[in-house]
Amino acid sequence: MSGNGSLEALRRSGRIVIVGASLAGLRAAETLRDEGFTGSLTLIGDEPHEPYDRPPLSKQVLLGKATADRTALPRRRELDAEWRLGVAATGLDMTARRVRLGDGDEVPYDRLLITTGVRARPWPHPLEAELDGVFVLRTRQDAIALNRRLTAAPHRVLVIGAGFTGSEIASACRELGLEVTVAERGPAPLVGALGGVVGQVAAELHRAHGVDLRCGVMVTGLEGDSAGRLRRAHLSDGTALDVDVAVVSLGATRNTEWLAGSGLGAGPRGIACDAGCRAFDVRGIVTDDVFVAGDVARSPHPLFNYQFLSLEHWGNAVSQAETAAHNMINASADRRPHLWIPAFWSSQFGVNIKSVGVPSLGEEILIAQGSLAEGRFTGVYGYQGRVIAAVTFDQTKWLEHYQRLIETAAPFPPPWTTVDRRAEGLRPVPADFPDPSLPTHGPTVTLSGYSPTDRRITFTPARA
Amino acid sequence: MTQGSLLRKITDYANRADPYPVYAELRKTPVLHDEAGPYIVSTYWEIHGLLHDPRISSDARNLNPQAAETLADEEDPALPPAFLRLDPPEHDRLRRLAMTPFGPPHTPRRIHAMRGELTRIIGELIDGFADRDRIDLVDHFSYPFPVTVICRLLGVPREDEPRFHHWAETLAAGLDPDPDEDAAERRRVTQRARSELGLYLAELIEERRRAPGDDMLSALAAGHGPEGQMTQAELLSTAALLLVAGHETTVNLITNGMLTLLRNPDVLTQLRTRPHLAVPLVEELLRFEPPVQLLPQRTPLADIDIAGVTIPKGASVWLVLASGNRDPQRFLEPDRFDPQRRDNQHLGFGSGIHSCFGAPLARLEAQLALTALARRLDNPRLLEDPPEYRRNAVLRGPRHLPLAFDGLREPGD
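So the sequences go chain by chain: A and B.
So in our numbering, the last one in the first sequence is 464, and the numbering has no gaps at all.
So in our numbering, the last one in the second sequence is 1413, and the numbering has no gaps at all.
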């Protein structure tokens, strides 16, 4: 469509389809209606539920403090939408502007928004992944099943991977009084996200709460009994552990397979889009009618060297969805860029962890306030002489200030005096991120194929 | 108009009933300074930024000598600054210790559990109006209600109210940065009130140690948290802070609230039939008529550049919260009282690490009180508008709020 007349027609009676009925999809739909879109609106989701909130799944729901079916996302307004739930989108015809569904149906659109998000990366050995007692945690169903098993007093739980989700699961297990072992391939928990300096604090948190934390090891195999129940795990250091529950927390895979062959620039790292949420096709040309938002999107951010960032952040999903929805029904001069500052929170072992910016870009870290030893601190990450990110452990209320420093490219290390600045905060130290050329989280994966449409991701066991 | 005269206008009692035109004038210069006086910050984003800025200290000991001179309080070894006037890490430790018996994570339901009791106290106070057709809302309701509540919560005998009332009022007056007053005399009076209140609380805490109850003073005195215990001096300062701040502000929130409702009778009518309105309504009140108008004691630990001005290290900074709340750069139609306002991140409770400790209690008190007054007073009307205000420019509110009504409805009506 082009010209104001057709834009008016789109807003009045166009067809907008949103594939992905979770947080980003719901907020986009609400924004479309808020901004006066009166045409037909269809939301397609492969899960049978209406949109629900995921952060509680690895926290309150695992602890049994909230039930999974009570985590529905609050509605901001009436939607007047057609919901196609429990049916996956299986293909996209960009020329005919149609989305193919798993039940054979096809849904035509004038504008398409893709918010298919990510799914948990499964245990790479399919037979072992089938064992009774092996879990991932991403969906409401996952949380219900895992909670049921955890409350049935297992002998020992193994958490594979000590990223944010893995650490939260370990924390929940300890709160339930369960014996838990965490196996992390990197030198410390959270090291990929926050670096080794902060990772050491996280490691102490695990150990202080009775977690059997094992770093620098990989789980090489899961072993079941004759009835197919998980019994034992084998580690790369040669040891074996008797466990009856294993939670695979090896990060996420982007839900883009259904776009294979569509011509859209979609691959295992997400769907590339411009700052206005318009998707790129495989030729690197931006589309006019296909938009993306949420975990599945990868968009360039000027503040972070125009890096294409894909963020699995709650706040990013909301903000990007709102921007995408706005841009879908506005002329190019009125479109807005998605310039969200990445922000993330986690709650584990009674500690509130929050970060802004992109810590993993940081070369150095300065403990600007508080103290690592006390476990309450604000760490500031520096990149080429400017502030690029910050993280707080139980010091959330300062974070906004550091966000402002990131937004204004303030000098690093920040030269000024602050309240609660200790001796250790007087000079920056290397942030100690793993060498980016070496994998830190999850199993090693390699890519094959030349074009995004036939690129494949392959699991490769650790190099010995 | 010179800057000095604007500063004077903030403290000038003549502007107390309606300080908002002065604030509008102030906002033309977001960071205002004249030679001797404080740096006055009046715009929303600048205030918000400074409240979250770790270079800003709340500890008066960081003021330069010249700025410290105008301060009413002096250090008193028996009653050191409460956490309100301290920086981290001391602030964080004391605030956490005070939070242990008050709120989450250790005591998450303390305030919620008081709901029934608050309702009962409100009911009794209103029942007391039964044979009247006019009252002074301040004397008959807005003051006694929060006093009774804070006494219950802390474990302070309600009958001691006449004793601590005087001290509390003196200490609250000590916050008023009126430059006309004789600083030395005021310092002397404030000092005496502080030490008398300190002695009173020391006795009370001793009693609570001997015979602990289910109150916050007992819990604070027993202090078996993971982080140990407050020293006796810290305990006294904290208790004094909670007692004074626990009612000197809520009385204004409730009185300002009723005044605003009576000036907006359509909202008052809505509240009668829709008690759920109380929640956003109180938020809008905190924006529109905040009980704490400005924070007069902040100082930078380093030179800070903001809105084109450098505030030097050690200078005295005033954050005019009530002006930020009416900043048209932040709020649509800021001078309109709109209880349905959606985007309402007001500064009524401050923000950052010093954001109001008692906010959950103050919110609940105001919500329940205003709802009950709206439901039970039949045809209430103002007898004086504007009413007579208290002198204080910081803790602003009417001294009296005379109103008439045609009778009382039953609570269930």
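All C-beta atoms in this analysis are idealised placements derived from N, C-alpha and C, irrespective of residue type, glycine included.
The model shown is predicted, which means the values in this text are computed figures rather than measured ones.
The DSSP-derived three-state label of B:Gly1116 is helix.
B:Leu1261 is positioned such that its CB atom lies closer than 8 Å to that of B:Ala1374. Under DSSP, B:Asn1062 takes part in no beta bridge, so it has no partner. The beta carbon of A:Pro337 lies closer than 7 Å to those of Ala275 and Gly276 in the same chain, with the five residues before and after it left out.
The three-state secondary structure of A:Ala260, taken from DSSP, is coil.
Among the residues facing chain B, A:Thr90 is not included, as its CB has no counterpart in that chain under 8 Å away. Taking 8 Å as the threshold, the shortest C-beta distance from B:His1052 to chain A falls below it. Take the alpha-carbon of B:Ser1323 and the one of B:Leu1253: they are about 17 Å apart. DSSP assignment within the segment 51 to 88 of chain A yields the following whole alpha helix (DSSP H) runs of 4 residues or more, N-terminal first: 60 to 63. A:Thr323 sits in a helix when the DSSP states are folded into three classes.
Its Cα nearest to that of A:Gly25, the residue A:Gly294 stands out among A:Arg404, A:Lys354 and A:Gly294. For B:Pro1144, the closest C-alpha among the options B:Thr1299, B:His1247, B:Leu1217 and B:Glu1234 is that of B:His1247. Across the segment 301 to 315 of chain A, no CB contact with chain B closer than 9 Å is found for any residue.
In this structure, DSSP gives A:Thr220 an extended state, which the three-state scheme calls strand. For B:Ile1205, the closest alpha carbon among the candidates B:Ser1237, B:Pro1339 and B:Gly1103 is that of B:Ser1237.
Following the DSSP letters along the chain, one finds A:Asn352 in no alpha helix (DSSP H) but inside the beta strand (DSSP E) bounded by residues Val351 to Gly357.
Listed along chain B, no residue sits closer than 9 Å to A:Glu168 by beta-carbon distance, the nearest being about 16 Å off.
Within the segment 1356 to 1398 of chain B, the runs of alpha helix (DSSP H) at least 4 residues long that lie entirely inside it are, in chain order, 1359 to 1376. Residue burial is scored here from C-beta neighbours: B:Glu1333 has fewer than 16 other C-beta atoms within 10 angstroms and is therefore classed as exposed.
The beta-carbon distance between A:Leu311 and A:Ala172, rounded to whole angstroms, is 24 Å. This is too long to meet the 8 Å contact definition. The straight-line gap separating the alpha-carbon atoms of B:Thr1231 and B:Ala1245 is approximately 21 Å.
Taking a contact to require three or more Cβ pairs closer than 8 Å, the segment 1302 to 1313 of chain B and the segment 1011 to 1019 of chain B do not qualify as touching. Annotation for A:Leu235: the continuous beta strand (DSSP E) segment containing it runs Leu230 to Leu235.
Bridge partners of A:Pro108 according to DSSP: A:Arg98. Shown in chain order are the members of the segment 356 to 379 of chain A whose Cβ falls below 9 Å from a Cβ of chain B: Ala368, Gln369, Gly370, Ser371, Glu374, Arg376 and Thr378. Burial check for A:Gln348: the Cβ neighbour count within 10 Å reaches 16 or more, so the residue is buried. Neighbours of A:His401 in chain B, taken as residues at a C-beta separation under 9 Å, are given in chain order as Gly1049, His1052, Asp1053, Pro1054, Arg1055 and Gly1352. The segment 1276 to 1293 of chain B and the segment 1375 to 1383 of chain B do not touch, with fewer than 3 CB-CB distances between them shorter than 8 Å. With contact defined as three or more Cβ pairs closer than 8 Å, the segment 134 to 146 of chain A and the segment 325 to 344 of chain A are not in contact. With a cut-off of 8 Å on Cβ pairs, the segment 1349 to 1363 of chain B is not in contact with the segment 1263 to 1271 of chain B, counting fewer than three such pairs.
One Cα belongs to B:Thr1119, the other to A:Leu23, and the distance between them is close to 39 Å.
B:Asp1327 is not a Cβ neighbour of B:Tyr1013, given a cutoff of 8 Å. Per DSSP, the continuous alpha helix (DSSP H) segment holding B:Pro1280 begins and ends at Ala1278 to Phe1288.
Burial of B:Tyr1039 is indicated by the presence of at least 16 other C-beta atoms within 10 angstroms of its C-beta. Cβ neighbours of B:Pro1380 within its own chain (closer than 6 Å, five residues either side excluded): Leu1403 and Phe1405.
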